[in-house]
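In the numbering used here, the protein residues as written are 261 to 552. The structure appears right after this line, and notes come after that.
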Amino acid sequence: MEWLEDGLDRGWIPGELQKPVEEDEDFGYQRIERHAWGEITARTLSNPSVDGEARTGSAYVLRKVKKIWLNARMCQSKGRDENAWCMDVIQSLVKLAMRLEGEGKFWLQSVQSQAIATRFLSSVSDASSKLRLLDRKADFILSFSHMPSLVFEDLYGRLRAADNPVVSHMADVFTKTTALFSCVEVKPASGDHTEAKYQLSTWMAASLRKKMQLARHVGLVDKSGLVEPCFAIVGHERQVYFAYIASEERDTVNILGPEVGSLGLCETRSVSGIFRALRLWRNVIRYGRDGG
């Protein structure tokens, strides 16, 4: 969990943004702890779709954060639905983190309409002792890019050459050939955290079962590294969970959480909270990119 908390206890806002934030009248009074300001300089962006002035990095990030903050306020005050929270707030935040840390290696993929392959679903016994499959859907996931000339496309090429093209637990013809990482379920401010966790649990359990199958296929003995973060987000609040293998023999997956401490402070009602949430997502993407 240490990798996920990196930079969340202090210095999660670039120090050079202190004056612009404090002088921005749209933000009004923002209570920001002194230790929130750091010396981190947001990366200069090389994406050609970003204009020259915006490539200075910090100014670009601040503009994006401000837009996310305004969108979150609008979603809260106007009682907007799950799709608005998902697209205008959460996905905007994750896309910003991807641009800063992803190196073009990730896609943000909606899976709201996609089913899980039944063989990986959890099940319970009903009143007649028959097994009933538990099928729930999540909103979106991070996936490893298929685009040519990137390291993951080379991975996919090797998988196809080994006649092992199905690498995820999804039934969709494309998504089942795509390596997936993490999972997010979003609810509006009036939503239910318990229902969000239930959806996450079902989805992540199936995901790790597929990864266990792949690990067995290549003879990987130690599967303790199959641990992934997942997120239940209700309005401004986000809860962080970890999915891990509890019993390989029974294909049992446990969901640990919600995590507390600095991870519980990554919200979207304040400028500081959004910068903290951005740091959290940058950590997630860095983990998937380098060590996941």
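From the three backbone atoms N, C-alpha and C, an ideal C-beta is built for every residue, glycine too.
Based on DSSP bridge pairs, tell me the residues matched to residue i.
{"i": "M229", "result": "Nothing can be reported for residue 229: it is not among the residues displayed for the chain, which extend from 261 to 552."}
{"i": "T378", "result": "In DSSP, T378 forms no bridge with anything."}
{"i": "Y504", "result": "N514"}
{"i": "K447", "result": "V494"}
{"i": "F400", "result": "S370 and V444"}
{"i": "S385", "result": "L391"}
{"i": "M358", "result": "Beta-bridge pairing links M358 to no other residue."}
{"i": "P274", "result": "G298"}
{"i": "E488", "result": "A503"}
{"i": "M430", "result": "I376"}
Nearest by alpha-carbon distance to residue i: which of the options is it?
{"i": "E342", "options": "M358, T438, I505 and P448", "result": "P448"}
{"i": "D286", "options": "V325, W263 and T378", "result": "V325"}
{"i": "D423", "options": "V478, G485, S318 and N514", "result": "V478"}
{"i": "S484", "options": "A344, H453, T512 and T435", "result": "T512"}
{"i": "E509", "options": "D386, E445, T435 and V481", "result": "V481"}
{"i": "N514", "options": "K457, H453, E283 and L322", "result": "K457"}
{"i": "G271", "options": "E283, A332 and H295", "result": "H295"}
{"i": "A537", "options": "A387, V349 and E445", "result": "V349"}
Which whole-angstrom value is the C-beta distance of residue i and residue j, which I expect to be below 8 Å?
{"i": "L360", "j": "S403", "result": "Contact doesn't hold; Cβ gap of about 18 Å is too wide."}
{"i": "I545", "j": "F366", "result": "6 Å"}
{"i": "I273", "j": "G298", "result": "7 Å"}
{"i": "Q336", "j": "H496", "result": "7 Å"}
{"i": "G362", "j": "R549", "result": "7 Å"}
{"i": "L381", "j": "L393", "result": "5 Å"}
{"i": "G451", "j": "V494", "result": "5 Å"}
{"i": "Q351", "j": "M430", "result": "Not a contact, Cβ separation roughly 19 Å."}
{"i": "S428", "j": "G364", "result": "About 20 Å; that fails the 8 Å criterion."}
{"i": "Y501", "j": "G524", "result": "Y501 to G524, Cβ: 12 Å. No contact."}
{"i": "N543", "j": "L264", "result": "5 Å"}
Determine the direct distance from the alpha carbon of residue j to that of residue i, and round the result to whole angstroms.
{"i": "K397", "j": "C443", "result": "10 Å"}
{"i": "M334", "j": "R340", "result": "8 Å"}
{"i": "G267", "j": "R539", "result": "7 Å"}
{"i": "R315", "j": "L356", "result": "Residue placement at R315 cannot be trusted, given a pLDDT of 47 that sits under 50; what the coordinates show is reported in the next sentence. If I take the Cα positions, the gap works out to 13 Å."}
{"i": "F535", "j": "E527", "result": "9 Å"}
{"i": "E276", "j": "S530", "result": "18 Å"}
{"i": "C346", "j": "E262", "result": "27 Å"}
{"i": "M407", "j": "S389", "result": "47 Å"}
{"i": "R498", "j": "V487", "result": "19 Å"}
{"i": "V426", "j": "Q278", "result": "48 Å"}
{"i": "A377", "j": "L468", "result": "13 Å"}
{"i": "G533", "j": "E455", "result": "24 Å"}
{"i": "L322", "j": "P280", "result": "9 Å"}
{"i": "A492", "j": "D414", "result": "32 Å"}
{"i": "Y289", "j": "A344", "result": "26 Å"}
{"i": "T466", "j": "S370", "result": "The identity of residue 466 in the sequence shown is Ala, whereas the question assumes Thr. Using only the alpha carbons, I get a separation of about 17 Å."}
{"i": "H453", "j": "I292", "result": "27 Å"}
{"i": "L368", "j": "L353", "result": "11 Å"}
{"i": "S385", "j": "D395", "result": "14 Å"}
{"i": "D553", "j": "V446", "result": "Summary: the structure shown does not reach residue 553, with the chain confined to residues 261 through 552, and so no result is reported for it."}
{"i": "T435", "j": "E519", "result": "29 Å"}
{"i": "Y320", "j": "R379", "result": "45 Å"}
{"i": "V433", "j": "M358", "result": "25 Å"}
{"i": "S306", "j": "R476", "result": "With a pLDDT of only 49 at S306, under 50, the local geometry of the prediction cannot be trusted, and the value read off the model is given with reservation. Looking at the two C-alpha atoms, the distance is approximately 40 Å."}
{"i": "W541", "j": "C490", "result": "11 Å"}
{"i": "E282", "j": "A332", "result": "19 Å"}
{"i": "S383", "j": "T438", "result": "25 Å"}
{"i": "K338", "j": "Y547", "result": "36 Å"}
(Q) I'd like to know if the region 414-423 and the region 460-473 are in contact, where contact means that at least 3 CB-CB pairs between them fall below 8 Å. (A) Output reads no: the region 460-473 does not touch the region 414-423.
Using a Cβ distance threshold of 8 Å, determine whether the region 501-509 contacts the region 467-477, with at least three qualifying pairs required.
With three or more CB-CB distances shorter than 8 Å, the region 501-509 counts as touching the region 467-477.
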